[in-house]
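Residue numbers (the working numbering), protein chains in the order written: chain U, 8 to 180; chain E, 1167 to 1752.
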Amino acid sequence: MDAMMAAADEQGSAGVFNAAALAGKYLTFSLGTEEYGLPVLKVREIIKVMDITPVPQVPAHVKGVINLRGKVIPVIDLRAKFSLPAQDYTDRTCIVVVDVSMKRDRVMLGVIVDAVSEVLNITAGEIDKTPDFGERVETDYMLGLAKVKNTVKILLDLDSVLRAEGALSGRMF
Amino acid sequence: MEPTGTPDELAILAADPEMLSMFVGEALDHLGTIESVLLQLEGAPADVKLLNDVFRPFHTVKGNAGALGVTSVQELAHCVESLLDLARAGKHLMGPDEFDIVLRAVDLLTIMMQELPDRVATGHSSSVTPRRDALMFAVEAMIAGGSSFTVADAVADADPIETLAAAFTAAPVSGAVVAKAAPNAPPRARSEAQSTVKVDTGKLDNLIDMVGELVIAQSILAADPAFAKSVDERLGRRMAQLKRITSDLQRNAMSMRMVPIRQVFQKMARLVRDLSKQSGKNIELVLQGEETELDRKVVEDINDPLMHMVRNSVDHGIESPERRAASGKPAQATLRLRAAHEGGNIVIEIVDDGAGLDTDRIYAKAVSNGLVAPGTQLAPADIHQMIFQPGFSTAEKVTEISGRGVGMDVVRRNIEALRGRIEIQTTRGQGTAFSIRLPLTLAIVDGILVAVGQERFVIPAFAVRESLRPKPEQIHSVYGQSCLVQIRDRLIPSLHLGDLFGIAGAQHDVTNATVVVLEDNGRATALIVDELIGKQEVVIKTLGSTFEGVRGVAGGAILGDGRVGLILDAGGLAGLMSKGAAHQAA
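As structure tokens, this is what we get:
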């Protein structure tokens, strides 16, 4: 499992595309009409949206912190992160708790998504390199695109979502 | 003499990391014991029992090192052991030079043990091989009967203070803590078999975390409306029973993190011994309350500030023997280190009977450093506080011991980082007393719970001076914006927490709000919140590296209803005030 994570990490930084290294199980979820995938080995659990305590001086997509059985973990809203229109939380809105690496240590992070779909086994043949969208779309967070059953799943690299930001704190206005 | 640092001597340890950490931990324990007994022995060189108490652990270290093939350690330990053996047999008298050399050997062995894990990991050779060889040569010469060989010649390259500093900066035994079975064991029982278990600190912290959760879960249950409505007496009794057990459990778990301050005090004993030799001042160190228990983290972090203050006392506080004689004081100065529990806090005092702080000189220095405008009237106590300003040092000459001007401000910062306070009391010509007040534990803080809009925040009780609901005539605004709250004769700048943190639904009519006066570092801030909810002990949780840039927030706590409440940091909030407008805009 480490090999796969390492491969995913590498993919994010090195820029050399290797579809075989990305093949594996992904947890897919939706944001609006779009479908996304996260390497399943990075997912710790999926919980219902609970009361979130806001933290001051952070970017808008950082919703705050929650109590996950005694641990205080940060929560970000992917809709806000990807500049999708905001939407009220529904019954299907979930927090996906993932492991991400930050500054040498691994931390848990809650990610708010519209709805969790399924765990998919994605083969190397189904994965495409992220095309160049030009200036319009930030592609740094994408591991690649997967074409499954006539839909496109955007495979995300959450480590680089955070790496791009440094800490989630102040200073980034 | 075999060359040290050959990978061969590390082969056994490299193969077994657990053995390595046990060996290092145990050896460092023994070396600590040896050092403290040596200092006692120095006062009574003829005490055979003490000599045996030094010899035994030395022998154990040597034996362990031998068994594990660490020849560099084994050889040095063996060499010193031979000297001690002769002393035991009455064939060699332990004089000042002997004590010096044995103490040096202990320092060196400590460094060698501390660098061992690193050496095993990197395969580097020992950094102290030349010093080790020189020291062994000196010991052998001493055994051979040459008292002409002075330690200074033999170990010339080792600056004693540097050596000490190196030995001290490394944490005593990182990674493991001794969970004491008998917290009130008599001080000198350490060499006796005491049943202790070494536990990984990570596991211990986890346990304490979980116990904290249990306490909160219990209070959530007790606060549940269904239970509050219930009139069932039996249920109430069982609930009370659960509460008793959880709080007992919590107290016990907390006590596992506690270690006596003895190890820190003993290092000070060594420091004072070396400093008094070096400075030619005759100083008696009196230790009181060595058995006082503190949080392990506090014990580790208080070491450096204490060392600094002891150096300061010896260097600046205590006068030279001639000056003492001239002012009619006993030639022998007294430095007193005292630790005690006082009202839920730990108080550590450093009291010297030296010259006291020179108020005039501090004032003059503060003026020349631009810390105060010339002609400003200041109370003596305020002037004394100046020594905590960065870059402040009144020592006329920079000595080897202290006076580099990086001292007391760092000391204060370190102590404040432990949520403690430091105070000075000084009388010209009679001495100075520094007292450090620290919380019992770092894991739990006494908090004042306040509400702003829908949010609740915890303010550490030690930072709160008072709280009140202001009358209209107490509020004064400046430029129609920033507002001042007048409390008695004082005008205190206010900070609206709701605005600062951008909280919807906060009370803006100050007369309907509550003002909490925070005090940090002598600076008062009137924090405006909606209302006070009450007092609560909370378990402090870090928000983690993700939020380390957030100012004004010290951490998070899980509140009675399971939500996270942010713990405010008074110092950070005061700092935000100057930039308040910018943050409000954001």
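Yeah, the Cβ is synthetic: ideal placement off N, Cα and C, and Gly gets one too. A quick note: this is a predicted structure, and the numbers were derived from the prediction, not measured.
Asked: Nearest to E:Pro1556 (by Cα), restricted to the options E:Ala1545, E:Lys1531, E:Thr1542; Found: E:Lys1531
Asked: Partner residues on chain E for U:Val79, Cβ-Cβ distance less than 9 Å; Found: Lys1707, Thr1708, Leu1709, Gly1710, Gly1721, Gly1722, Ala1723, Ile1724, Val1730
Asked: Listed by chain order, chain U residues near E:Glu1621 by CB distance under 9 Å; Found: Thr60, Pro61
Asked: Residue of E:Leu1584, E:Pro1223, E:Leu1250 minimising C-alpha distance to E:Phe1265; Found: E:Leu1250
Asked: Cut-off 7 Å between Cβ atoms - residues of its own chain near E:Gln1620, not counting five sequence neighbours on either side; Found: Gly1671
Asked: Of the residues E:Ser1601, E:Gln1596, E:Gly1402, E:Arg1594, the one placed nearest E:Ile1588, counting alpha carbons only; Found: E:Ser1601
Asked: Beta-carbon proximity of U:Ile161 to U:Ala26, cut-off 8 Å; Found: no
Asked: CB contact below 8 Å: U:Asn74 versus chain E; Found: yes
Asked: Closer than 8 Å at the beta carbon, the chain E residues around U:Val114; Found: Gly1710, Ser1711, Thr1712
Asked: Contact set between E:Asp1375 and chain U, taken where Cβ atoms lie within less than 8 Å; Found: Gly77
Asked: Beta-bridge partners of U:Asn128, as assigned by DSSP; Found: U:Lys32
Asked: Contact under 8 Å by Cβ, U:Asp84 with U:Lys70; Found: yes
Asked: Limits of the alpha helix (DSSP H) - the one that E:Asp1299 falls within; Found: 1295 to 1309
Asked: 8 Å Cβ cutoff met for E:Leu1693 and E:Arg1622; Found: no
Asked: Inter-stretch contact (C-beta, 8 Å, three-pair minimum) for the stretch 1538 to 1551 of chain E and the stretch 1518 to 1530 of chain E; Found: yes
Asked: 3 or more residues per run - each beta strand (DSSP E) lying fully within the stretch 1522 to 1607 of chain E; Found: 1587 to 1593, 1597 to 1605
Asked: 8 Å CB neighbourhood of E:Leu1627 in its chain, flanking five on each side removed; Found: According to the sequence shown, residue 1627 of chain E is Ala rather than Leu. Only Val1611, Asp1612, Gly1613, Ile1614, Lys1701 meet the Cβ criterion.
Asked: Residues that E:Gln1454 bridges to, as DSSP identifies them; Found: E:Arg1504
Asked: Inter-stretch contact at 8 Å, needing at least 3 Cβ pairs: the stretch 1184 to 1194 of chain E / the stretch 1276 to 1284 of chain E; Found: yes
Asked: CB of E:Arg1502 within 8 Å of CB of E:Gln1454, strictly; Found: yes
Asked: Proximity winner among U:Val104, U:Leu48, U:Lys49, U:Lys88, relative to U:Lys55 (alpha-carbon distances); Found: U:Val104
Asked: Three-state secondary structure assigned by DSSP to E:Ala1679; Found: coil
Asked: Residue-level contact to chain U via CB, E:Glu1379, 8 Å cutoff; Found: yes
Asked: U:Val118 burial status per 10 Å Cβ neighbour count (16 or more: buried); Found: buried
Asked: Cα-Cα separation, E:Ala1310 to E:His1290; Found: 33 Å
Asked: Residues of the stretch 1662 to 1678 of chain E whose Cβ lies closer than 8 Å to any Cβ of chain U, in chain order; Found: Leu1666, Phe1667, Gly1668, Ile1669
Asked: Supposed close pair E:Val1239, E:Ala1231 - CB separation, criterion 8 Å; Found: 4 Å
Asked: Inter-residue Cα distance where the pair is E:Leu1661 and E:Arg1585; Found: 22 Å
Asked: Test item: CB-CB of E:Gly1235 and E:Ile1277 under 8 Å; Found: no
Asked: Span of the beta strand (DSSP E), counted from its first residue to its last, around U:Leu163; Found: 158 to 163
Asked: U:Leu76 to U:Leu116 span [Cα, whole Å]; Found: Looking at the sequence itself, residue 76 of chain U is Arg, so the reference to Leu does not match. Taking the straight line joining both Cα atoms gives about 14 Å.
Asked: 8 Å Cβ cutoff met for E:Val1719 and E:Leu1734; Found: yes
Asked: Continuous beta strand (DSSP E) stretch holding E:Gly1446: start and end; Found: Where E:Gly1446 is concerned, there is no enclosing beta strand (DSSP E), given that its DSSP letter is neither H nor E.
Asked: Reference U:Val184, options U:Leu150, U:Lys136, U:Tyr33, closest by Cα; Found: Absent from the model: residue 184 of chain U. The displayed extent of chain U is 8 to 180, so no value can be given.
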